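Working notes, beginning with the structure itself.
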Amino acid sequence: MSNPNTSSSGESHGSVSSYLIGFVLAVILTVLSFGVVMSHSLAPTGTLAVLSVLALVQVLVHLHYFLHMGGDSEKRWNNIAFVFTIAFVSILIVGTVFVMANTSMNMMSR
Amino acid sequence: MAQNTTVPTAGHDEHHHENTVVFGFWVYLMTDCIIFGSLFATFAVLRNQFNGGPTPHELFEFGGLGLETALLLLSSITYGFGMIAAHKTQISSVIMWLGVTFLLGLGFVGLEVREFAHMIADGAGPDRSAFLSAFFTLVSTHGLHVTCGLIWIVTLMVQLMGTTEIPERMMNKLTCLSLFWHFLDIVWICVFTYVYLASMI
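Read top to bottom, the protein sequences are chains A and B. Residue numbering for the first sequence follows numbering that gives the first Met the number 0, beginning at 0 and increasing consecutively. Residue numbering for the second sequence follows numbering that gives the first Met the number 0, beginning at 0 and increasing consecutively.
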């Protein structure tokens with residue numbers, strides 16, 4: 000493990016500076032999320048949209064700086080499994096919310 | 000023809016041999032992701048079913064949530080420093096960073112348990128409404144994962160004590176725990192955004 004990795008040390012498992020950059024970005028994004036909700040400066044739908052974008056960006060920051068995901072060929076199967084999972088979970092969540100909202104509308108429970 | 004197809008695969012396998020353990024763990028994390036996805040979907044459906052019980056505005060507070068988030072975020076970077084030390088074979092430094100990560104994680108679990116205890120004492124337990132059932136299931140599943148991570152951290156700290164080098168097997172264990180710990184932080188981003196903040200708008 001150690002021998003093959005030393006050649007590409009900074010890239011494959013991060014350095015102090017890359018962790019710090021990731022951490023600072025994550026802190027900024029978290030503070031922004033809290034700030035948007037606590038300040039009540041936007042309409043509810045606008046707040047939700049901003050929150051979603053901030054969460055998505057923060058997840059990407061964590062994937063890149065902490066989990067070291069990238070496009071290098073060595074991690075190809077990791078990425079394929081990841082993309083499959085994201086697709087699966089998206090269908091699961093969007094499908095559940097859509098079907099259940101439709102059901103409750105037809106049952107007039109709301 | 001048969002040889003032509005087997006030879007490159009064999010070479011391919013050999014080249015990736017050192018990563019199969021970590022890849023296997025990655026696949027496990029992806030299945031865990033599906034568990035959390037199901038629980039998030041359940042929560043999304045039930046989030047407004049209060050049954051006359053307490054609403055998020057009465058239950059959640061920014062202070063505790065912010066502190067929990069800060070602890071988990073800090074523990075992510077301290078684990079990262081531990082991994083950097085591990086790649087440099089500085090074992091005492093690895094144990095120190097794992098210890099810091101453990102304490103931060105323990106603080107997170109402690110705050111969460113205290114929050115749950117307060118809610119249950121106030122009559123807002125998982126049996127009060129569908130919203131609270133979904134809330135407790137989702138958030139405590141994450142808390143349970145963090146607790147398992149804490150046990151794992153202690154195990155690796157004990158295994159590292161008294162050793163002078165980090166063999167490949169140990170490095171794989173540390174890498175898997177690294178993935179697990181950072182993955183839990185990502186799940187927490189979704190929890191504090193969609194479960195807490197989105198309910199407090």
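In this text, a Cβ means the ideal position worked out from N, Cα and C, and glycines have one as well. In this text the structure is predicted, and so the values were computed from the model without any measurement.
Here's the rule: buried if 16 or more other CB atoms are within 10 angstroms of the residue's CB, otherwise exposed. What is residue i?
i	result
serine 38 of chain A	exposed
arginine 127 of chain B	buried
serine 74 of chain B	buried
glycine 9 of chain A	Residue confidence for glycine 9 of chain A is low, a pLDDT of 41 falling below 50, so the modelled location carries little weight; the figure read from the coordinates is stated next. Classification for glycine 9 of chain A: exposed.
glutamine 57 of chain A	buried
asparagine 105 of chain A	exposed
glycine 21 of chain A	buried
serine 206 of chain B	The requested residue 206 of chain B is not part of the displayed model; chain B covers only 0 to 200.
cysteine 32 of chain B	buried
histidine 56 of chain B	exposed
cysteine 175 of chain B	buried
asparagine 101 of chain A	exposed
phenylalanine 39 of chain B	buried
methionine 107 of chain A	exposed
glutamate 60 of chain B	exposed
glutamate 164 of chain B	exposed
List the residues of chain A that residue i touches, going by C-beta distances under 9 Å, in chain order.
i	result
methionine 199 of chain B	Val36, Met37
leucine 149 of chain B	None at all; the shortest Cβ gap to chain A is about 18 Å.
Quick one: does residue i have its CB under 8 Å from some CB of chain A?
i	result
cysteine 175 of chain B	no
serine 37 of chain B	yes
histidine 144 of chain B	no
histidine 11 of chain B	Caution applies to histidine 11 of chain B, whose pLDDT of 43 falls short of 50 and renders its modelled position unreliable; the model cannot decide the point.
serine 75 of chain B	yes
phenylalanine 22 of chain B	yes
leucine 155 of chain B	no
leucine 72 of chain B	yes
leucine 137 of chain B	no
leucine 178 of chain B	yes
Kindly list, in the order they appear in chain B, the residues whose Cβ is closer than 9 Å to that of residue i.
i	result
histidine 63 of chain A	Per Cβ cutoff of 9 Å: no residues; histidine 63 of chain A is ~11 Å from chain B at best.
valine 88 of chain A	Cys32, Ile33, Phe35, Gly36, Ser37, Phe39, Ala40
Measure the Cβ-Cβ separation of residue i and residue j and say whether it is below 8 Å.
i	j	result
valine 96 of chain A	alanine 43 of chain B	yes
leucine 149 of chain B	leucine 173 of chain B	no
threonine 46 of chain A	valine 35 of chain A	yes
leucine 183 of chain B	histidine 141 of chain B	yes
glutamine 48 of chain B	alanine 129 of chain B	yes
serine 32 of chain A	threonine 192 of chain B	yes
cysteine 147 of chain B	alanine 54 of chain A	no
valine 153 of chain B	phenylalanine 101 of chain B	yes
leucine 62 of chain A	leucine 196 of chain B	no
isoleucine 83 of chain B	leucine 159 of chain B	no
alanine 123 of chain B	proline 53 of chain B	yes
Run down chain A in chain order and give the residues with a C-beta less than 7 Å from the C-beta of residue i.
i	result
valine 44 of chain B	Thr95, Val96, Met99
glycine 79 of chain B	Gly13, Tyr18, Phe65
histidine 181 of chain B	His61, Phe65, Leu66
Verify the CB distance criterion: does residue i have a CB-CB separation below 8 Å to chain B?
i	result
asparagine 69 of chain A	The question names asparagine, but residue 69 of chain A is glycine in the sequence shown. Cβ-Cβ to chain B under 8 Å: no for glycine 69 of chain A.
asparagine 77 of chain A	yes
Interface residues of chain B around residue i at Cβ under 7 Å?
i	result
leucine 24 of chain A	Neighbours of leucine 24 of chain A on chain B: none; closest Cβ ~11 Å, over 7 Å.
valine 58 of chain A	Ile185, Ile188
threonine 80 of chain A	Per the sequence shown, residue 80 of chain A should be read as alanine rather than threonine. In chain order: Trp25, Val26, Met29.
alanine 48 of chain A	Near alanine 48 of chain A there are no residues of chain B at all, since even the closest Cβ is about 11 Å away, more than 7 Å.
Show which residues of chain B have a CB atom less than 8 Å away from the CB atom of residue i.
i	result
serine 32 of chain A	Phe191, Thr192, Leu196
isoleucine 92 of chain A	Gly36, Phe39, Ala40, Ala43
Name, please, each residue of chain A whose Cβ falls closer than 8 Å to the Cβ of residue i.
i	result
phenylalanine 130 of chain B	Here the premise fails: no neighbours, minimum Cβ distance about 14 Å.
Quick one, which residues of the stretch 81 to 102 of chain B are near chain A if we go by CB-CB under 8 Å, in chain order?
Met82, Ile83, His86, Thr88
In the stretch 53 to 69 of chain B, which residues sit with their C-beta less than 9 Å from some C-beta in chain A, listed in chain order?
Phe61, Leu64, Gly65, Thr68, Ala69
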